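The structure under discussion appears below in the form of structure tokens.
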Amino acid sequence: METKLKKLLLLIFLCFIGWVSAQKKSVTGIVSDENQPLPGALIKIKGLSKNIVTDLDGKFTINDLPAGEYNLQIGYIGYENNDITVAVKPEENTDLGIIRLSQKHKNIDEVVVTATLKNSEARALSLQKNAINITNVIASDGIGKLPDRNAAETVQRVQGVSIERDQGEGRFVSIRGLPPFWASTTINGNRLPTAEEETTSRATAFDFFPTELISYVHVNKSFTPDMEADGIGGGVNFITKTPPMKQELKITVGSGYNAKSDKGVYNLGLLYGGRTKDKKFGYLFNVAHFTRNWSTDNFEARRSGDEGVFRLELRDYNGVRKTTGINTAFEYVLSPKSTLYLKGMYGTLSDDETHYKHRIRFDKFSSANNTARVELQNIHNLLITELTSVSLGGVHQLNKGKIDWDVSYYDNRFKYGNIPDKQNNSYYVIKYTQSGVGIDPNYIGDHGNGPRAYWKADGGKLDYKDPDALFGFYSDPNFKMDASQMRFTDLEFYKVFVDEKDKIVAAFNHEMNVSDRLTLKYGFKYRDKERTAKFSDIFYNWSNGTAPLLSEYGQYITTQPNGPKYLSEMNAHIGNTFGPVLSTTGMDQFWFQNQGNLKINPADSESLEYNKALGRNFDVFEKHADAYGMGTYKVSDKITVLGGIRLSNTNTKVRGFNVIDDKLVPTENTKKYLAVLPMLHIKYTLNDKTNLRFAATRTFSRPNFGDLTPGGTYIEADNEFKGGNPNLNPTYSLNLDLMGEYYFSNVGILSGGIFYKSITDPVFQDSFIGTYNGNPGVQFTAPNNGKAASLGGLELGINRRFDFLPGFLQYFGTQLNATFMTSKMEKPSGRKVALPYQAKELYNIQLFFEKKGFNARLAYNYKGKYAVEYAETDLNDSYYGKYSSLDFGGSYQFTKFLMLYADVNNILNKPLIYHFGKNEDRPEQVEYYGVRFNLGIKLNF
């Protein structure tokens with residue numbers, strides 16, 4: 009199939025290359041300011057209804073103009089209009105070259121401001137204004153105004169968008185309160201394969217992708233048929249940088265400080281690109297590297313049986329993260345009408361993490377002597393994520409339209425580094441236990457599930473708001489963990505490997521200008537995906553006599569890094585109880601020296617070898633074949649209608665394992681379905697500054713990979729079967745959007761809109777009684793399609809400069825947006841709840857100051873709490889708590905070539921909180937990241 013497809017694409021390519029060369033001539037040009045091209049510029053031809061919009065490189069082509077003289081009116085937000093006269097001669101190309109526009113200036117101070125300030129917003133708003141769908145756009149230098157270091161963090165400022173964080177950095181993107189796996193995240197229009205440590209969803213983790221590689225970000229709230237529509241919430245498309253029209257050399261060098269780790273951060277960026285003298289060949293080399301020391305303090309309260317805490321975990325993380333991104337792009341202009349391109353990209357995130365976990369086992373409390381045990385886990389791991397992609401494509405202007413095509417390859421991989429060695433590369437854990445630790449009996453209760461510590465809300469002494477009460481459970485106020493009483497318990501190799509490849513992604517689009525008012529477009533897309541997931545969790549116990557004490561490894565034990573400062577934000581002193589720990593060298597040496605004394609514990613281990621971990625070991629082979637057709641009709645100068653349909657055929661084959669009669673048996677399942685996705689957009693342009701948009705679309709989301717695994721395990725003692733469901737249906741949504749926009753003349757926007765989604769076949773974790781292998785009454789637990797759900801909301805936003813105010817105030821401005829949402833769904837049990845991941849409100853507040861070469865921005869971001877998982881009562885629901893952050897970005901442009909910048913992240917240092925129930929009285933996890941600073945220079949030649 010793949011070979012046939014390649015031959016077909018080659019045949020199509022050769023045919024239309026010859027066809028293109030025989031077409032009639034056209035008018036071409038590039039709209040630019042003094043520094044860079046202007047995408048989204050609107051070009052009107054006086055006396056005709058034909059309107060043209062420049063592409064992302066500022067280029068435009070006007071085809072099929074009879075010979076004669078024409079007046080072109082070129083307009084752009086924040087720029088003076090430019091009218092030019094063009095004489096079109098029969099059978100001759102007319103190349104207008106670069107058409108320059110000048111910014112509107114209120115006073116002389118604005119003239120000094122170079123292209124790093126408000127024209128970045130002008131480019132973004134022009135693309136948004138002239139789009140037919142509901143979208144928000146961010147330009148690259150607009151991204152650089154705030155300290156957003158990866159692709160996920162760039163979009164958290166957009167209304168209706170929120171992010172999930174890992175170790176304080178943005179990772180997953182959610183749109184309009186829907187789960188990340190219900191959002192489409194793409195690069196250059198292609199959805200990326202996913203590979204992540206713990207999740208088996210389709211959500212893409214973007215913490216490996218530096219912002220320096222991004223040219224534009226499009227947050228699409230509504231899809232058109234020519235976009236991949238696998239995203240109920242919407243989609244985020246990151247567009248990488250392409251060869252510039254003139255030679256550019258940009259260098260960024262920076263350094264900073266992480267207050268919590270008390271260590272440095274370092275970043276380096278390089279961009280070099282340009283074109284040959286004849287402008288036919290363009291090239292770009294773009295590299296970004298970011299190294300940061302980090303530290304995180306965290307405590308987690310574990311439940312088992314009821315709301316009581318059976319184990320309290322005090323976690324101290326320290327590590328070094330390194331992100332490297334490489335983007336290369338080449339273009340060759342075959343003719344004024346035809347351009348070929350080749351793009352390559354590599355992104356990687358490595359996280360060398362040392363983690364000490366102190367576990368207080370309240371469930372091991374003995375009332376006979378009022379003691380329990382404390383466990384120390386020494387953890388070291390190296391997490392590595394790598395993405396590689398290559399794309400070959402072309403854009404070819406026709407006499408009455410355009411053809412573009414693209415063939416791409418993507419590979420996204422997650423693995424652990426070689427810790428403690430290459431053979432056992434894993435999340436590596438060595439656990440010690442100290443028994444007989446005195447515990448205040450007033451902290452312990454037994455409600456029928458054994459000894460537990462209870463929260464104040466449940467009549468206990470644990471109180472999140474009072475650190476002395478929260479951590480006052482030791483009976484000896486001077487207690488300190490003792491290496492001479494810490495005895496080895498077990499050693500663990502936790503292994504995860506995920507590799508997802510899109511072996512080929514091939515796309516073909518043909519746009520036809522039927523008349524000045526009607527444009528038709530059709531296209532095809534094919535994807536061949538292969539995903540491999542391997543998992544094991546192996547435990548070793550001491551097998552040769554008495555297990556050693558921690559103190560016996562004196563040369564390898566050390567004081568815990570930052571231990572006394574643990575949770576200093578809470579004014580807690582529990583870190584003073586932390587005793588010696590193994591160094592990372594000591595952890596490695598423990599394995600090297602003691603392999604002969606260790607034996608695998610099959611009862612605690614999880615792997616295929618022991619007929620376990622079936623839900624984490626499976627392969628997916630998936631093919632997508634899409635076709636679409638659409639038409640854009642300009643009813644009048646004010647009304648434009650786009651209608652069309654996209655057909656998306658999915659063929660998913662999943663291979664995994666089942667256990668039958670205590671034997672591991674391979675199993676395979678195939679699921680096929682066709683998604684029919686009609687779409688309608690209406691854009692009403694009241695005047696040059698005002699748009700009213702309506703969209704009615706149908707979109708879908710494919711089931712998560714982990715939910716599709718055919719494997720399952722029958723647990724005879726409990727008469728339970730737990731597994732996946734390869735017969736899951738995709739989730740569909742009917743989306744209605746209404747949005748109004750008013751664009752200020754001096755770069756700004758006022759917008760407001762409402763949206764509604766009617767969702768069918770959402771996926772839930774379901775339980776039911778059935779028969780397995782002849783055994784009746786078996787309790788099955790597996791994902792299943794549930795009842796319908798709905799989501800509605802309101803979006804409001806304003807981006808406004810205060811240039812209408814007198815004096816010093818005119819240099820200030822603000823960006824404000826808010827999203828309010830409500831939703832409902834019904835669980836299989838009949839319980840009515842809100843959709844998971846749906847916060848009731850999202851806010852963004854920015855205050856900025858721009859004068860001459862100085863730019864300063866203060867940005868506040870707020871996300872309300874939302875449920876991650878639902879049980880049958882609120883007390884057992886798991887919530888991601890409300891979260892707010894404050895960041896600062898400032899810069900000064902000394903010359904055209906030199907800029908100094910300074911960033912501060914996480915100024916408020918608010919904790920990330922997970923909690924049980926709607927309030928924070930029963931925290932499940934509390935985590936602090938600390939404040940980060942960065943200072944550097946940017947050189948632009």
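Mapped onto our numbering, the consecutive letters of the sequence shown carry residue numbers 9 to 949.
The beta-carbon is built from N, C-alpha and C at its ideal position, and this holds for glycine as well.
As the structure is a prediction and not an experimental result, all values here were calculated from the model.
According to DSSP, residue pairing for Y502 in a beta bridge involves Y435 and D545. Closest option to Y937, judged by alpha-carbon separation, among I85, G651 and D174: D174. Spanning the alpha carbons of S798 and E172 requires a straight line of approximately 22 angstroms. The closest CA to that of V145, considering only N914, T336 and S134, is found on S134.
Straight-line spacing of the CA atoms in P572 and K620 works out to 40 angstroms. Classified as buried, G664 has 16 or more neighbouring CB atoms from the shown chains inside 10 Å of its CB. In the DSSP assignment, W463 falls outside any beta strand (DSSP E) and carries neither an H nor an E. Between K840 and Y887, the beta carbon gap of about 17 angstroms keeps them out of contact (Cβ cut-off 8 angstroms).
Residue ranges of uninterrupted alpha helix (DSSP H) with 4 or more members, entirely inside the region 144-224 and ordered along the chain, are 148-151 and 159-162. Comparing alpha carbon positions, the residue from R930, L682 and I945 closest to A309 is R930. Spanning the alpha carbons of N335 and Y224 requires a straight line of approximately 14 angstroms. In this structure, the beta-carbon distance from R701 to G748 falls below 9 angstroms. Judged by DSSP in its simplified three-state form, R381 adopts strand. For the pair Y561 and Q603, the CB atoms are not nearer than the 9 angstroms cut-off. Annotated as proximal: G480 and K469, with beta-carbon spacing under 9 angstroms. With contact defined as three or more Cβ pairs closer than 8 angstroms, the region 225-241 and the region 701-712 are in contact.
Secondary structure note for P674: it is in no alpha helix (DSSP H), and the uninterrupted beta strand (DSSP E) holding it is K671 to N695.
Contact between L384 and H363 is ruled out by a C-beta separation of about 11 angstroms, above the 8 angstroms threshold. Within the region 563-623, the complete alpha helix (DSSP H) runs of at least 4 residues fall at 592-602. Note on geometry: alpha-carbon atoms of Q81 and K54 lie some 7 angstroms from one another.
Taking 9 angstroms as the cut-off, the beta carbon of T640 is found closer than this to the beta carbon of L650.
Between E630 and T658, the gap from beta carbon to beta carbon is short of 9 angstroms. When the Cα atoms are used, V261 and G272 turn out to be separated by approximately 14 angstroms. When only Cα atoms are considered, A875 and A213 end up about 20 angstroms apart. Take the alpha-carbon of D745 and the one of M687: they are about 12 angstroms apart. In this model, T194 and F246 are separated by some 6 angstroms (Cα to Cα). Note on geometry: alpha-carbon atoms of K67 and V39 lie some 7 angstroms from one another. Residue state for N138 is assigned as helix, using DSSP reduced to three classes. Residue pairing by DSSP puts R940 in a beta bridge opposite N266 and N913. As computed with DSSP, R367 is found in a beta bridge with E321 and E383. DSSP places F713 inside the alpha helix (DSSP H), whose first and last residues are F713 to L716.
The region 336-344 makes no contact with the region 444-453: fewer than 3 CB pairs, one atom from each, lie closer than 8 angstroms.
Q818 carries a helical assignment under DSSP once its states are collapsed to helix, strand and coil. Of all C-beta pairs linking the region 526-546 to the region 493-505, three or more are shorter than 8 angstroms, placing the two stretches in contact. Nearest to Q167 by C-alpha distance, out of E877, N852 and V912, is N852.
Going by DSSP, L736 is part of no beta strand (DSSP E) at all; its letter is neither H nor E.
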